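Trainee: Protein chains in written order, with this note's numbering: chain D, 7 to 501; chain F, 7 to 501.
Just so you know, even glycine gets a beta-carbon here, dropped at the ideal spot from N, CA and C.
Since we're looking at a predicted model, the values are computed, not measured.
There are 2 protein chains.
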Amino acid sequence: MQPTAYQQLVSVFTRIYRFEHLAAMVGWDQAAMMPPEGNDARGAALAELDVLIHHSLTDPALAATIAAASSEDLNEAEQASLREMKRQWEHANLLPASLVEAKTLAGSKCSHEWRTQRANNDWDGFLANFREVVRLSREEAQLLSQHSGLSPYEALMNKYEPGMTCAELDRIFGDVKQWLPELIQQAMTKQSKEPVIAAQGPFAIESQRALGLEVMKLLGFNFAAGRLDVSHHPFCGGVAEDVRITTRYTEDDFTQSMMGIVHETGHARYEQNLPRDLVHLPVGRARSMAVHESQSLSFEMQLGRSPAFLALIQPLVQQHLGEQAAFSASNLAKIYTRVKPDFIRVDADELTYPAHVILRYEIERALIDGDIEPDEIPALWNQKMLAYLGVDTQGNFKNGCLQDIHWTDGSFGYFPSYTLGAMYAAQFFATIRSQFPDLDQRIAAGDLAPIFDWLKTHIWTPASRWETAELIQRATGESLNPAHFRQHLEQRYLG
Amino acid sequence: MQPTAYQQLVSVFTRIYRFEHLAAMVGWDQAAMMPPEGNDARGAALAELDVLIHHSLTDPALAATIAAASSEDLNEAEQASLREMKRQWEHANLLPASLVEAKTLAGSKCSHEWRTQRANNDWDGFLANFREVVRLSREEAQLLSQHSGLSPYEALMNKYEPGMTCAELDRIFGDVKQWLPELIQQAMTKQSKEPVIAAQGPFAIESQRALGLEVMKLLGFNFAAGRLDVSHHPFCGGVAEDVRITTRYTEDDFTQSMMGIVHETGHARYEQNLPRDLVHLPVGRARSMAVHESQSLSFEMQLGRSPAFLALIQPLVQQHLGEQAAFSASNLAKIYTRVKPDFIRVDADELTYPAHVILRYEIERALIDGDIEPDEIPALWNQKMLAYLGVDTQGNFKNGCLQDIHWTDGSFGYFPSYTLGAMYAAQFFATIRSQFPDLDQRIAAGDLAPIFDWLKTHIWTPASRWETAELIQRATGESLNPAHFRQHLEQRYLG
Ligand SMILES: [Zn+2]
Ligand SMILES: [Zn+2]
């Protein structure tokens with residue numbers, strides 16, 4: 007019997023998943039294990055693999071197979087699977103190879119030189135490369151926009167957040183901008199009367215690692231299907247069947263590596279609990295970047311920095327790092343909720359973080375839609391930083407508009423995912439709390455099952471079965487609602 | 007300008023090398039890093055990669071390109087390169103895909119069930135699977151033999167040792183059989199009067215690892231292009247640009263892991279010093295299995311177990327593992343040269359090891375050439391073990407003919423490489439010693455440059471430029487001569 011068109015697609019995408027497995031594992035190795043002289047050969051091998059994956063997705067025969075599958079008699083699950091295959095296929099086929107290649111080249115040149123330019127505060131040097139990245143990204147956005155009917159910026163953002171619109175982002179971020187600056191001020195005023203005891207290092211790396219492993223265990227990380235290692239930039243990599251998370255240790259501070267592990271464990275549990283029987287197909291994989299981030303932020307922000315969780319793990323901290331006044335549950339909670347408007351997004355606290363994201367969203371959207379040019383960025387950056395956070399970045403490019411890697415290789419449209427993830431997480435926890443009014447007591451007592459069960463049922467198992475909006479609606483009974491995020495922040499920072 | 011046929015082949019083989027890079031790295035990861043639930047996805051990804059490499063090598067267009075390159079005006083280096091490409095291409099194309107597949111299937115079944123059968127001493131159970139592996143291996147040998155004009159067994163052996171003949175093996179192993187049994191007896195008699203002090207554990211794994219790393223440094227391992235990790239079966243993996251060696255630690259004995267590291271470092275330095283500008287082509291890679299083993303055994307047997315080297319590293323042993331009477335240089339030398347005929351090849355000492363290899367060579371050759379059938383193996387095994395080593399294996403299959411993995415998946419013809427490697431190593435050191443009569447003093451003083459320089463010039467840099475026989479002739483001024491091996495053993499064990 008001939009395989010159906012849908013079955014043929016399953017074979018094609020399964021094969022691609024095998025190649026992605028290889029890319030994920032050697033990518034992890036490159037960041038976590040590889041000695042420096044291996045880099046050129048690794049780069050060449052990864053590039054060869056990219057070509058192979060791209061060829062598999064741009065095989066001209068696929069168009070007919072997808073068309074044929076669309077008129078086959080598919081059940082609802084298969085239809086969802088086909089929809090996700092088609093999305094991936096379109097994404098690979100919409101752009102001419104010449105544009106993809108030009109953008110990759112311009113992006114890696116700009117990205118590579120940015121490392122030095124940032125250190126040297128060299129905005130002009132950066133601008134010389136960056137103009138070309140912007141030009142090509144606009145071209146990409148234009149082509150994607152023509153196909154989808156979305157605005158150019160929306161079309162780029164939809165690579166990461168399928169279904170999200172600028173209208174919705176404006177509604178949500180507009181809401182946040184109404185109340186966030188004042189909330190930051192109130193929180194700072196409140197905290198100025200509540201001194202924090204700083205933890206006294208050094209903290210041996212081995213002890214930090216042992217503590218991290220225990221926290222991962224508590225959070226349900228499956229060590230038979232994953233590992234914890236070290237890399238310069240912490241990330242969650244590998245594949246669903248074998249998730250590799252990393253952290254970075256410094257002897258003088260354990261708080262960042264510990265909470266970083268909590269964050270990556272959230273990403274990891276999503277991956278580890280995707281439906282194993284579907285994980286080789288697009289429909290069986292993570293819904294979107296924001297949904298992925300909603301899992302890490304459920305773990306880090308909703309659970310990890312809560313007083314209840316910090317009370318739960320406080321004995322572990324003492325057991326591994328010794329006894330200190332700083333390790334009381336209430337002081338740990340203060341450490342992990344300290345608010346301080348500052349330059350750097352990745353070091354920002356929970357409360358000021360959305361301001362960093364909204365600023366970037368507004369600038370990158372204007373840039374892609376052609377409302378501003380690259381040389382206008384620094385002034386705009388400074389103006390918005392002053393307005394949202396009261397931080398002056400004039401002339402300080404390295405800690406201002408040169409701080410992120412995202413724009414350097416043309417990854418425009420990614421930033422909103424961070425704050426969308428934080429909002430989804432708040433909305434999920436509002437739902438969980440409505441079902442378990444005693445959630446904090448349960449957490450403090452070590453009963454994390456209400457959280458894990460809910461996430462498993464409503465987020466991990468569905469994977470990409472539904473579009474994001476439907477996933478959120480089914481899980482929480484309403485569409486994305488920033489009121490939950492506000493309520494969470496007010497409760498934590500003013501409550 | 008059109009690329010020449012030779013240039014086209016360079017592109018094809020470079021691409022294959024990129025894929026082999028991926029296979030090597032995820033293969034290392036599978037043995038050294040991967041958690042158990044990752045195994046199925048890893049197996050599937052590796053199988054997909056195998057198919058891809060096989061397809062690349064069996065592309066029908068390659069035949070014409072190779073033919074065209076053969077009539078191009080190539081310099082001597084390019085001719086050697088073409089010769090090695092052709093060898094790899096022929097190896098991949100000589101066998102029908104159906105046979106390759108059948109042998110892979112039968113081999114993995116037999117190999118997989120062997121793990122349990124060996125533990126259960128279940129020869130009959132093993133035989134049921136093994137007959138099919140033998141049948142298919144004979145078929146493979148027949149086809150390779152028809153093409154090459156070699157005998158069936160020679161044709162299989164030539165996969166690992168191109169150019170080696172049974173006539174030469176018979177000459178060499180025949181020679182060894184003349185003097186080895188008596189030498190073993192004499193050594194044992196001599197050693198019975200020389201008590202050894204056993205080292206007293208436990209030895210902390212971290213200390214063993216630190217010691218191993220220092221020994222690797224002393225041996226010139228390039229840590230910018232490689233790593234040391236842990237796996238159940240120690241090996242040297244990765245790629246020339248990034249060599250991954252492994253060892254296995256037990257707390258009650260450090261001697262095996264330490265000398266295992268010395269052994270794998272020998273393999274690693276060969277890989278790390280292959281010509282970087284040619285390593286993407288077959289001609290730039292290791293000459294043969296025996297030549298590879300000659301490097302690990304140069305490090306382990308010629309250098310590593312010598313009294314001079316043990317005197318050199320003795321302070322490191324004490325520094326990392328504490329002071330013990332057992333750690334005197336002379337006692338370490340006794341530990342590392344103790345002779346004891348026993349069941350297991352991989353645990354055998356330097357002196358009895360060749361007997362294990364010759365026994366296997368004689369049996370596997372008769373089996374492939376059809377002179378014996380699989381069910382005759384145990385009797386033959388027992389008879390030869392008694393004759394060569396005085397060890398009775400009757401009924402003891404698990405420590406007899408079921409001990410090795412090689413036959414279970416049809417890797418017939420590999421065993422001779424081990425002892426050929428030991429002989430090449432002895433011959434290399436005889437040459438080095440003739441140029442540096444004070445070699446032992448130099449070693450004891452930490453001057454290992456004479457050894458590394460010689461190996462680099464004569465073995466590492468030439469890679470596969472010449473056939474093995476020519477490589478040995480150029481390096482040592484004579485063809486493979488087992489007299490050097492005998493002299494080395496007599497000097498070490500009776501001297
Ligand atoms: Zn994250
Ligand atoms: Zn070896």
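So Leu55/F contacts chain D; which residues on that side make the cut at Cβ distance below 9 Å?
Mentor: As a working note, residue 55/F is residue 49 in the second sequence. Neighbours of Leu55/F on chain D, chain order: Arg24, Phe25, Leu28.
Trainee: Name, please, each residue of chain F whose Cβ falls closer than 8 Å to the Cβ of Val289/D.
Mentor: For the purposes of this step, residue 289/D is taken as residue 283 along the first sequence, with counting starting at 1. What Val289/D touches in chain F: nothing, since even the nearest Cβ is about 17 Å away.
Trainee: With which residues is Val236/D paired in a DSSP beta bridge?
Mentor: Within the first sequence, the letter at position 230 stands for residue 236/D. DSSP lists Thr253/D as partners of Val236/D.
Trainee: Locate the beta strand (DSSP E) running through Cys242/F, then write down its first and last residues.
Mentor: Stepping through the second sequence from its first residue, residue 242/F is reached at position 236. Unbroken beta strand (DSSP E) run through Cys242/F: 242-245.
Trainee: Using beta carbons (cut-off 8 Å, strictly below), is Asp248/D in contact with chain F?
Mentor: Walking along the first sequence from the start, residue 248/D turns up at place 242. Closer than 8 Å: yes.
Trainee: If we cut at 8 Å on Cβ distances, does Arg215/D have a partner in chain F?
Mentor: The residue given as residue 215/D occupies position 209 in the first sequence. So, not an interface residue.
Trainee: Compute the minimum distance between the beta carbon of Glu299/D and the heavy atoms of ligand 1, and state whether it is under 7 Å.
Mentor: As a first step, residue 299/D is located in the first sequence; it is residue number 293 there, counting from the start. For ligand 1, at least one heavy atom lies less than 7 Å from the Cβ of Glu299/D.
Trainee: Helix, strand or coil, according to DSSP, for Asp375/D in the structure here?
Mentor: Position 369 of the first sequence, counted from the start, is the residue given in the question as residue 375/D. Asp375/D: coil per DSSP, three-state reduction.
Trainee: Helix, strand or coil for Asp248/F per DSSP?
Mentor: As a first step, residue 248/F is located in the second sequence; it is residue number 242 there, counting from the start. It is a strand residue.
Trainee: Hey, could you find the ends of the alpha helix (DSSP H) Thr64/F is sitting in?
Mentor: As a first step, residue 64/F is located in the second sequence; it is residue number 58 there, counting from the start. Start and end: 45-64.
Trainee: Evaluate Lys199/D with the Cβ neighbour count: other Cβ atoms within 10 Å of its Cβ, from every protein chain shown; 16 or more gives buried, anything less gives exposed.
Mentor: As a first step, residue 199/D must be located in the first sequence, where it is residue number 193. Exposed.
Trainee: Contact criterion: CB-CB distance below 8 Å. Does Phe227/F meet it with respect to chain D?
Mentor: Here residue 227/F corresponds to residue number 221 of the second sequence, with the count starting at 1. By this cut-off, Phe227/F is not an interface position.
Trainee: Would the beta-carbon of Ser294/D be found less than 7 Å away from any heavy atom of ligand 1?
Mentor: Residue mapping note: residue 294/D aligns to position 288 of the first sequence, counting from 1. Not so, every heavy atom of ligand 1 lies at least 7 Å from the Cβ.
Trainee: Any Cβ of chain F within less than 8 Å of the Cβ of Glu200/D?
Mentor: To locate residue 200/D, count along the first sequence from 1; it is residue 194. No, because no Cβ of chain F sits closer than 8 Å to the Cβ of Glu200/D.
Trainee: Can you find the residues in the same chain that come closer than 7 Å, C-beta to C-beta, to Leu392/F, ignoring five residues on each side of it along the sequence?
Mentor: Here the question's residue 392/F lines up with position 386 in the second sequence. Asp398, listed in sequence order.
Trainee: Please go through the region 450-485 of chain F and give each complete beta strand (DSSP E) segment of 3 or more residues, from N-terminal end onward.
Mentor: Qualifying beta strand (DSSP E) stretches: none in this window.
Trainee: Tell me the residue span of the alpha helix (DSSP H) that contains Asn337/D.
Mentor: Within the first sequence, residue 337/D is the residue found at index 331, counting from 1. Run containing Asn337/D: 335-341, per the alpha helix (DSSP H) assignment.
Trainee: State the Cα-Cα distance for the pair Tyr499/F and Ala431/F, rounded to the nearest angstrom.
Mentor: Start at 1 with the first residue of the second sequence, and residue 499/F comes out as number 493. Start at 1 with the first residue of the second sequence, and residue 431/F comes out as number 425. Rounded to the nearest angstrom, the two C-alpha atoms are 17 Å apart.
Trainee: List the residues of chain F whose Cβ lies closer than 7 Å to the Cβ of Pro41/D, in chain order.
Mentor: On the first sequence, residue 41/D is found 35 positions in, with the first residue counted as 1. What Pro41/D touches in chain F: Phe229, Ala230, Ala231, Gly232, Arg233, Asp248.
Trainee: Short of 6 Å in beta carbon distance, which residues of its chain neighbour Gly416/D, apart from the five on each side in sequence? Order them along the chain.
Mentor: Residue mapping note: residue 416/D aligns to position 410 of the first sequence, counting from 1. The answer, listed in chain order, is Lys109, Gly113, Val139, Ser143.
Trainee: Name the residue from Val202/D, Arg137/D, Leu101/D whose alpha carbon lies nearest to the alpha carbon of Gly152/D.
Mentor: Locating residue 152/D in the first sequence gives position 146, counting from the first residue. Looking at the sequence shown, residue 152/D is not Gly but Gln. Comparing Cα positions, the closest option is Leu101/D.
Trainee: Would you mind telling me which residues of chain D sit closer than 9 Å to Val32/F, beta carbon to beta carbon, in chain order?
Mentor: Start at 1 with the first residue of the second sequence, and residue 32/F comes out as number 26. Those are His27, Leu28, Met31, Val32, Asp35, listed as they occur along chain D.
Trainee: Check the Cβ of Gly44/F against every Cβ in chain D and list those closer than 7 Å, keeping chain order.
Mentor: Position 38 of the second sequence, counting from 1, holds the residue named residue 44/F. Simply Ala231, Glu247, Asp248.
Trainee: When we look at the beta-carbon of Asn164/F and count the other beta-carbons within 10 Å, is it buried (16 or more) or exposed?
Mentor: Translated into the one-based positions of the second sequence, residue 164/F becomes position 158. Flag for Asn164/F reads buried.
Trainee: Using CA atoms only, rank isn't needed, just tell me which of Leu88/D, Ser87/D, Ser300/D, Asn127/D is closest to Gln512/D.
Mentor: There is simply no residue 512/D to check, as chain D begins at 7 and stops at 501 in what is shown.
Trainee: Measure the alpha-carbon distance for Thr195/D versus Gly180/D and round it to whole angstroms.
Mentor: Along the first sequence, one-based indexing puts residue 195/D at 189. Along the first sequence, one-based indexing puts residue 180/D at 174. If you take the alpha carbons of Thr195/D and Gly180/D, they lie about 24 Å apart.
Trainee: If the cut is a Cβ gap below 8 Å, which residues of chain F does Arg21/D touch?
Mentor: In the first sequence, counting from the first residue as 1, residue 21/D sits at position 15. Correct list: Glu54.
Trainee: So with Cβ pairs under 8 Å, would you call Ala47/F a contact of chain D?
Mentor: To locate residue 47/F, count along the second sequence from 1; it is residue 41. For Ala47/F, the answer is yes, since a Cβ of chain D falls inside 8 Å of its Cβ.
Trainee: Here's the rule: buried if 16 or more other CB atoms are within 10 angstroms of the residue's CB, otherwise exposed. What is Ile411/F?
Mentor: If you number the second sequence from 1, residue 411/F lands on position 405. Under this definition Ile411/F is an exposed residue.
Trainee: Please return the same chain residues whose Cβ sits closer than 6 Å to the Cβ of Glu90/F, not counting the five positions on each side in sequence.
Mentor: Position 84 of the second sequence, counted from the first residue, corresponds to residue 90/F. Contacts found: Pro288, Val289, Ser470.
Trainee: Could you check what DSSP says for Asp181/D in three-state terms: helix, strand or coil?
Mentor: For the purposes of this step, residue 181/D is identified with residue 175 of the first sequence, where counting begins at 1. Reduced to three states, the DSSP call for Asp181/D is helix.
Trainee: Counting pairs of Cβ atoms below 8 Å between the region 322-338 of chain D and the region 115-127 of chain D, do you hit three or more?
Mentor: Segments in contact, no.
Trainee: Any heavy atom of ligand 1 within a distance shorter than 7 Å of the CB on Ser304/D?
Mentor: In the first sequence, the residue the question calls residue 304/D occupies position 298. The answer is no for Ser304/D.
Trainee: Are at least three pairs of beta-carbons, each pair with one atom in the region 358-366 of chain F and one in the region 418-428 of chain F, less than 8 Å apart?
Mentor: Verdict: yes, contact present.
Trainee: Going by DSSP, what residues sit across from Asp259/D in a beta bridge?
Mentor: As a position in the first sequence, residue 259/D is number 253, starting the count at 1. Paired residues: Thr256/D.
Trainee: For chain D, find out if any of its Cβ atoms is closer than 8 Å to the Cβ of Ala469/F; answer yes or no.
Mentor: As a working mapping, residue 469/F is identified with position 463 in the second sequence. Answer no: the Cβ-Cβ gap between Ala469/F and chain D never drops below 8 Å.
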